[in-house]
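Each protein sequence line maps, in turn, to chains P and F. Numbering-wise (numbering that gives the first Met the number 0), the first sequence opens with residue 0 and increments by one. Numbering-wise (numbering that gives the first Met the number 0), the second sequence opens with residue 0 and increments by one. C-beta: ideal position from N, C-alpha, C; glycine also.
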Amino acid sequence: MAAKLIANLLIMGSGILGRAVLQAYRKALENANKTGVAQETLQNIRRAGRTMTEQEARQILGLHENASWEEVLQKYDTLFERNGKMGSFYLQSKIHRAKECLETVYQKNGEGTQGTG
Amino acid sequence: MRRFYEGGFQPSMTRREAALILGIRESTPADKVREAHRKVMVANHPDAGGSHYLASKINEAKDVLLGKTKSGGSAF
Chain P
0 MAAKLIANLL
10 IMGSGILGRA
20 VLQAYRKALE
30 NANKTGVAQE
40 TLQNIRRAGR
50 TMTEQEARQI
60 LGLHENASWE
70 EVLQKYDTLF
80 ERNGKMGSFY
90 LQSKIHRAKE
100 CLETVYQKNG
110 EGTQGTG
Chain F
0 MRRFYEGGFQ
10 PSMTRREAAL
20 ILGIRESTPA
30 DKVREAHRKV
40 MVANHPDAGG
50 SHYLASKINE
60 AKDVLLGKTK
70 SGGSAF
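Structure below.
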């Protein structure tokens with residue numbers, strides 16, 4: 000009899016507690032959405048993982064600020080080929096991504112990217 | 000063709016990234032690390048048209064793998 004009562008109380012109590020936790024969680028999510036903290040963090044993570052900054056791309060290819068598209072291609076070709084022969088696939092990837100990054104930058108600036116091949 | 004790795008270099012170099020840069024395993028013995036470093040460095044030497052940035056990354060990779068610096072201990 001007493002055991003049954005205690006069990007009932009326990010079940011009811013845990014149910015209430017569970018609902019409260021759920022509500023608190025929802026509220027926290029809502030607040031995070033309102034202030035945009037969640038989005039910002041997510042975006043930062045994505046940005047850091049997926050893309051390269053223009054500055055890093057230039058550093059990787061060893062180019063100065065106002066190098067022409069021709070120079071970019073020339074650097075890319077030599078570095079990519081050399082790292083294919085004696086370097087590593089990882090470095091080759093970075094060189095490829097650097098060129099990709101600069102390609103969009105140059106296209107936006109309206110400098111012709113003809114003859115890209 | 001293998002898929003290229005995404006994005007740029009990691010903000011602070013890990014042993015894993017260092018091994019990828021030199022094209023070896025994390026468990027590679029020290030003499031083989033030096034050998035791989037020399038090979039990759041020849042391909043990217045600044046005096047022969049390579050970039051200073053990549054050269055510094057390659058040197059850092061060697062140091063990380065040989066345990067000369069604690070990972071993430073870069074001054075920059």
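(request) My understanding is that N90 (chain P) touches E53 (chain P), with C-beta atoms under 8 Å, so please give their C-beta distance in whole angstroms. (result) One-based indexing of the first sequence puts residue 90 (chain P) at position 91. One-based indexing of the first sequence puts residue 53 (chain P) at position 54. Inspection of the sequence shows that residue 90 (chain P) is occupied by Leu rather than by Asn. Their Cβ separation, rounded to whole angstroms, is 19 Å, which puts L90 (chain P) and E53 (chain P) out of contact at 8 Å.
(message) Could you compute how far the alpha carbon of S70 (chain F) sits from the alpha carbon of T34 (chain P)?
(response) Translated into the one-based positions of the second sequence, residue 70 (chain F) becomes position 71. Translated into the one-based positions of the first sequence, residue 34 (chain P) becomes position 35. The pLDDT assigned to S70 (chain F) is 47, lower than 50, so where the model puts this residue is not dependable, and the model offers no usable value.
(message) Only counting the same chain, and skipping five residues up and downstream in sequence, which positions put a Cβ closer than 7 Å to that of E55 (chain P)?
(response) Locating residue 55 (chain P) in the first sequence gives position 56, counting from the first residue. Cβ neighbours of E55 (chain P) beyond the five flanking positions: none.
(request) Kindly say whether S87 (chain P), judged by its beta-carbon, lies nearer than 8 Å to any beta-carbon of chain F. (result) Along the first sequence, read from residue 1 onward, the residue named residue 87 (chain P) stands at position 88. Closer than 8 Å to some Cβ of chain F, the Cβ of S87 (chain P) qualifies, so yes.
(request) For the alpha helix (DSSP H) containing Y4 (chain F), list its first residue and its last residue. (result) Position 5 of the second sequence, counting from 1, holds the residue named residue 4 (chain F). Where Y4 (chain F) is concerned, there is no enclosing alpha helix (DSSP H), because DSSP gives it neither an H nor an E.
(request) Output yes or no for whether 8 Å exceeds the beta carbon distance between R96 (chain P) and G7 (chain F). (result) The sequence position of residue 96 (chain P) within the first sequence is 97, counting from 1. The sequence position of residue 7 (chain F) within the second sequence is 8, counting from 1. Taking 8 Å as the Cβ cut-off, R96 (chain P) and G7 (chain F) qualify as a contacting pair.
(message) Quick check: the Cα distance between K3 (chain P) and M12 (chain F), rounded to an integer number of angstroms?
(response) Sequence index remark: in the first sequence, residue 3 (chain P) carries index 4 (1-based). Sequence index remark: in the second sequence, residue 12 (chain F) carries index 13 (1-based). Each residue's alpha carbon lies about 60 Å from the other.
(request) Report the rounded CA-to-CA distance for Q73 (chain P) versus S55 (chain F), giving the unit in angstroms. (result) The residue labelled residue 73 (chain P) in the question sits at position 74 within the first sequence. The residue labelled residue 55 (chain F) in the question sits at position 56 within the second sequence. Approximately 21 Å between the Cα atoms of the pair.
(request) Give the secondary structure of N65 (chain P) by DSSP, where H, G and I count as helix, E and B as strand, and everything else as coil. (result) Walking along the first sequence from the start, residue 65 (chain P) turns up at place 66. It is coil, neither helix nor strand.
(message) For K67 (chain F) and S92 (chain P), I'd like the C-alpha separation in whole angstroms.
(response) If you number the second sequence from 1, residue 67 (chain F) lands on position 68. If you number the first sequence from 1, residue 92 (chain P) lands on position 93. If I take the Cα positions, the gap works out to 26 Å.
(request) Flag this pair as touching only if the region 55 to 66 of chain P and the region 46 to 55 of chain F have three or more C-beta atom pairs under 8 Å; answer yes or no. (result) yes
(message) Measuring alpha carbon to alpha carbon, tell me which residue in P:N108, P:G17, P:M11, P:L9 is nearest N65 (chain P).
(response) As a working mapping, residue 65 (chain P) is identified with position 66 in the first sequence. Nearest C-alpha to N65 (chain P): P:N108.
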